[in-house]
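Asks: Dropping a structure here in structure tokens format, bear with me for questions.
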Amino acid sequence: MDVKRSRSPRAPAEDDRKRAGGWRGSGGVRPEMVLVGFLLTLPLLFLVFGGRWGSSSFPSSSSSSSPPVVSKPAVGRNVDAGDRGATPQGQKPVALKNVSASTATSVSQDKLLGGLLPSAFDESSCQSRYKSNLYRKPSPFPLSPYLAQKLRKYEAYHKKCGPGTKRYRRAVKQLKAGRNADNSECKYVVWFPCNGLGNRMLTIASTFLYALLTDRVLLMHVSAEQEGLFCEPFPGSSWVLPGNFPQNNPQKLHIGAPESYANMLKSNVVRNDVDPASVPASSLPAYVYLHVEQFQLKLSDNVFCDEDQAMLGKFNWMILKSDSYFAPALFLTPMFEAELARMFPQKEAVFHHLGRYLFHPTNRVWGIIRRYYEAYLARVDEKIGFQIRIFPEKPIKFENMYDQLMRCVREQRLLPELGTAETTTATTNNATADAAAGNGKVKAVLIASLYSGYYEKIRGMYYESPTKSGEIVAVFQPSHEEQQQYTSNEHNQKALAEIYLLSYCDKITMSAWSTFGYVAYSFAGVKPWILLRPDWNRETSDVACVRSTSMEPCLHSPPILGCRAKRDVDVAAVKPYVRHCEDVGFGLKLFDS
1 MDVKRSRSPR APAEDDRKRA GGWRGSGGVR PEMVLVGFLL TLPLLFLVFG
51 GRWGSSSFPS SSSSSSPPVV SKPAVGRNVD AGDRGATPQG QKPVALKNVS
101 ASTATSVSQD KLLGGLLPSA FDESSCQSRY KSNLYRKPSP FPLSPYLAQK
151 LRKYEAYHKK CGPGTKRYRR AVKQLKAGRN ADNSECKYVV WFPCNGLGNR
201 MLTIASTFLY ALLTDRVLLM HVSAEQEGLF CEPFPGSSWV LPGNFPQNNP
251 QKLHIGAPES YANMLKSNVV RNDVDPASVP ASSLPAYVYL HVEQFQLKLS
301 DNVFCDEDQA MLGKFNWMIL KSDSYFAPAL FLTPMFEAEL ARMFPQKEAV
351 FHHLGRYLFH PTNRVWGIIR RYYEAYLARV DEKIGFQIRI FPEKPIKFEN
401 MYDQLMRCVR EQRLLPELGT AETTTATTNN ATADAAAGNG KVKAVLIASL
451 YSGYYEKIRG MYYESPTKSG EIVAVFQPSH EEQQQYTSNE HNQKALAEIY
501 LLSYCDKITM SAWSTFGYVA YSFAGVKPWI LLRPDWNRET SDVACVRSTS
551 MEPCLHSPPI LGCRAKRDVD VAAVKPYVRH CEDVGFGLKL FDS
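So in UniProt numbering, spot 74 of the sequence shown is number 74, and the numbers just go up one at a time.
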């Protein structure tokens with residue numbers, strides 16, 4: 001993709017003609033002006049002629065990944081409004097505009113995020129682990145000391161029972177022999193992927209929470225499209241499932257599999273209406289499969305009842321496949337409620353904490369994120385993220401989606417209003433003076449979408465017209481892949497980079513139902529504006545967008561929670577910390593009242 005450059009709104013056509021004429025006036029060309037212009041051009045030449053990543057405009061030069069240096073803003077900023085990654089012109093290297101020197105120092109000193117992260121890692125092996133938080137505002141959620149303690153205890157357990165240990169080899173040997181041993185020292189939950197990257201990150205976090213609650217070791221089947229995305233989160237061990245694992249065939253994992261817990265219940269291989277203490281573990285199959293996938297808008301395996309969990313606890317090996325953020329369902333399981341309340345006094349912090357603990361882009365992906373941020377976003381006063389996703393089951397015409405986005409922008413005042421040249425002359429003059437003094441306000445719009453049309457229209461809007469306030473709006477879009485490619489490793493690298501870039505924004509507007517957007521705003525710790533889907537029989541939505549009541553992702557397909565009562569219960573009506581999602585009326589999300 002060609003990198004597009006546009007003239008800054010602070011440099012109208014008349015000014016361009018003056019520049020072309022060498023700023024000729026009564027005094028002619030001043031040598032010191034030529035020298036200043038040359039010096040200001042040097043960083044521009046370096047950045048503009050740097051490499052670009054694939055068909056997008058992600059910078060790809062092998063620059064260092066040192067943390068941003070906090071310094072005073074450069075004087076005379078001039079940001080191009082609307083480049084898909086074109087370098088802001090005339091800028092000196094400056095620090096994050098939204099982070100003060102004192103804040104950056106305190107954040108740097110708290111690289112462990114208040115005890116969330118372990119300190120046992122070599123920083124150079126995964127630079128994002130301790131540096132990505134420098135690009136975000138401080139977390140709005142204090143970490144529970146009990147959760148920190150729980151994580152350190154789990155890390156020791158994973159190191160004791162993880163791949164390469166004698167205990168792991170012994171457990172695999174029993175699995176191969178078809179045995180489920182009594183009183184096993186180590187138990188495991190093996191996660192298999194399903195659907196796109198956003199879904200995978202949400203369900204990995206849910207599975208890890210389940211592992212914490214049930215004293216299991218989490219292992220991940222890492223397929224080719226996911227290789228090289230994330231660093232190892234647990235010190236001294238690996239969460240990657242070894243390739244010689246005996247049950248390593250994803251094709252066997254489906255809703256009709258005989259090893260599925262639901263199907264075991266139907267065939268009376270296991271029973272959930274007996275005292276689990278009376279059932280020896282050795283009498284059960286070697287492993288159990290949980291198909292926690294959305295099926296007809298319900299989670300297919302009803303495993304979130306105490307009697308089911310008591311029986312599932314008898315299995316040493318559990319294989320799980322899911323495409324859903326099922327963490328809210330764990331909060332609805334009575335036997336887990338007390339433990340979860342200690343781990344997460346603030347319910348909205350579940351994915352915010354677990355996601356920042358688990359997911360750290362590898363150095364390759366982090367380099368892409370850091371270079372793009374430093375080149376295009378670090379020097380602005382405010383970052384606004386727009387994430388647009390069109391789903392094939394409910395296609396929306398581009399014109400309708402764009403109009404809805406613009407209605408949301410106007411109603412929520414997310415971007416400055418446009419003016420005209422005649423009515424904003426005085427404002428523009430003042431803004432130009434502010435820019436010369438280094439005080440001009442610049443807002444960056446980061447667009448994450450498979451399509452380039454939204455970028456083109458918003459960029460053109462702010463390129464052709466000034467704002468009433470005199471603020472500058474710069475528009476950026478890292479990539480536009482046109483279609484989602486689940487099985488492409490390069491596509492997933494770009495997607496992960498854009499999730500992180502979006503999570504560095506101060507405000508986020510996202511498409512309904514988008515797991516990509518859920519991950520980004522939960523990382524950021526902000527409540528997004530959600531662009532609602534039209535009704536199934538309509539092409540447009542009457543309501544443009546609504547503000548989320550929570551920073552938690554939505555569980556699109558809640559399970560039936562009647563358990564032995566065999567009836568569906570609307571838990572949002574009886575649980576004070578659960579609500580229906582704004583974008584998915586029957587979905588559930590955690591929130592703090």
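Idealized CB from N, CA, C, for every residue including glycine. All values reported here derive from a predicted model rather than from experimental measurement.
Where DSSP assigns a beta bridge to residue 189, which residues make up the other side?
Replies: For residue 189, which the question treats as bridged, DSSP gives the partners 218, 318.
Asks: Can you find the residues in the same chain that come closer than 8 Å, C-beta to C-beta, to residue 148, ignoring five residues on each side of it along the sequence?
Replies: The answer, listed in chain order, is 114, 115, 116.
Asks: Whole angstroms is fine: what's the gap from residue 529's alpha carbon to residue 161's?
Replies: About 43 Å.
Asks: Inspect the beta-carbon positions of residue 524 and residue 368 and report whether they are closer than 9 Å.
Replies: Result no, Cβ atoms of residue 524 and residue 368 do not sit closer than 9 Å.
Asks: Label residue 252 either buried or exposed according to how many other C-beta atoms from any shown protein chain fall within 10 Å of its C-beta, with 16 as the threshold for buried.
Replies: By the neighbour-count rule (16 or more Cβ atoms within 10 Å), residue 252 is not buried but exposed.
Asks: Taking the continuous beta strand (DSSP E) assigned at residue 289, which residues delimit it?
Replies: 288-292 is the extent of the beta strand (DSSP E) around residue 289.
Asks: If you count every other CB in all the chains shown that lies within 10 Å of the CB of residue 32, and 16 or more means buried, which is it?
Replies: With a pLDDT of 45 at residue 32, under the threshold of 50, the modelled position of this residue cannot be trusted, and the question is left open.
Asks: I'd like to confirm something about residue 179: is its beta-carbon nearer than 8 Å to some heavy atom of the ligand NAP, or not?
Replies: No copy of the ligand NAP occurs in the structure displayed, which carries no ligand at all.
Asks: So, is residue 227 buried or exposed, given that buried needs 16 or more other C-beta atoms within 10 angstroms?
Replies: Label assigned to residue 227: exposed.
Asks: Residues in its own chain within less than 8 Å of residue 306 by CB, not counting five upstream and five downstream?
Replies: These residues qualify, in order along the chain: 333, 334, 335, 563.
Asks: By alpha-carbon positions, which one of 513, 139, 317, 303 ends up nearest to residue 173?
Replies: Selected option, being the one with the closest Cα: 317.
Asks: Can you give me the Cβ contacts of residue 390 inside the same chain, cut-off strictly under 8 Å, excluding the 5 residues immediately before and after it?
Replies: Closer than 8 Å at the Cβ level, and outside the excluded window around residue 390, lie 396, 401, 450, 451, 511.
Asks: Alpha carbon to alpha carbon, how far is residue 179 from residue 506? Give it in angstroms, no decimals.
Replies: Near 53 Å, if we compare the C-alpha coordinates of residue 179 and residue 506.
Asks: How big is the Cα-Cα spacing for residue 175 and residue 246?
Replies: Cα to Cα, the separation comes out at about 8 Å.
Asks: Closest to residue 197 by C-alpha separation, out of 487, 213, 543, 588, would be which residue?
Replies: Measuring from the Cα of residue 197, the nearest candidate turns out to be 487.
Asks: For the candidate residues 454, 349, 361, 477, whose alpha-carbon lies nearest to that of residue 328?
Replies: Looking at the Cα atoms, 349 is the closest of the given residues.
Asks: Roughly how many angstroms lie between the CA atoms of residue 137 and residue 583, to the nearest whole one?
Replies: Cα to Cα, residue 137 sits roughly 26 Å from residue 583.
Asks: Classify residue 478 as buried or exposed, calling it buried when 16 or more other Cβ atoms lie within 10 Å of its own Cβ.
Replies: The residue is buried, with at least 16 neighbouring Cβ atoms inside 10 Å.
Asks: Could you tell me which whole alpha helix (DSSP H) segments of length 4 or greater appear in the stretch 228-293?
Replies: Qualifying alpha helix (DSSP H) stretches, in chain order: 261-266.
Asks: Among 140, 150, 125, which one has its Cα closest to the Cα of residue 342?
Replies: Looking at the Cα atoms, 150 is the closest of the given residues.
Asks: Evaluate residue 177 with the Cβ neighbour count: other Cβ atoms within 10 Å of its Cβ, from every protein chain shown; 16 or more gives buried, anything less gives exposed.
Replies: Exposed.
Asks: Does residue 334 come out as helix, strand or coil in the three-state DSSP assignment?
Replies: In the structure shown, residue 334 sits in a helix (DSSP, three-state: H, G or I).
Asks: Entirely within the stretch 433-489 and at least 3 residues each: give me those beta strand (DSSP E) ranges in chain order.
Replies: Counting only runs of 3 or more, we get 442-449, 472-476.
Asks: Are the Cβ atoms of residue 290 and residue 303 separated by less than 9 Å?
Replies: Result yes, Cβ atoms of residue 290 and residue 303 sit closer than 9 Å.
Asks: Report all residues from its chain with a CB closer than 7 Å to the CB of residue 492; omit the five preceding and five following residues, and keep chain order.
Replies: Same-chain partners within the cutoff: 197, 225, 226, 229.
Asks: Less than 6 Å between C-beta atoms, sequence neighbours within five positions excluded: which residues of the same chain meet that for residue 130?
Replies: Taken in chain order, the residues that qualify are 111, 123.
Asks: Can you find the residues in the same chain that come closer than 6 Å, C-beta to C-beta, to residue 469, ignoring five residues on each side of it along the sequence?
Replies: Correct list, in chain order: 416.
Asks: To the nearest angstrom, report how far apart residue 534 and residue 474 are at their CA atoms.
Replies: Residue 534 and residue 474: Cα-Cα distance of roughly 30 Å.
Asks: Tell me which residues share the same chain as residue 414 and place their Cβ nearer than 8 Å to its Cβ, disregarding the 5 neighbours each side in the sequence.
Replies: Correct list, in chain order: 384, 408, 507, 509, 529.
Asks: Could you tell me whether the Cβ of residue 578 comes closer than 9 Å to any Cβ of chain B?
Replies: The structure shown has no chain B; it contains just one protein chain.
Asks: Taking only runs that begin and end inside the stretch 143-218, name each unbroken alpha helix (DSSP H) of 4 or more residues, in chain order.
Replies: Complete alpha helix (DSSP H) runs here, min 4: 145-161, 166-176, 197-214.
Asks: Helix, strand or coil for residue 549 per DSSP?
Replies: Residue 549 falls in the coil class under three-state DSSP.
Asks: Identify, in the order they occur along the chain, each residue of the same chain with its Cβ nearer than 7 Å to the Cβ of residue 310, setting aside the five sequence neighbours on each side.
Replies: 276, listed in sequence order.
Asks: Helix, strand or coil: which one does DSSP assign to residue 560?
Replies: DSSP places residue 560 in coil when its eight states are reduced to three.
Asks: Hey, residue 294 and residue 260: beta-carbon distance below 9 Å or not?
Replies: Not a contact, by the Cβ cut-off of 9 Å.
Asks: Could you work out which residue in 472, 465, 541 is closest to residue 445 when comparing CA atoms only?
Replies: It is 472.
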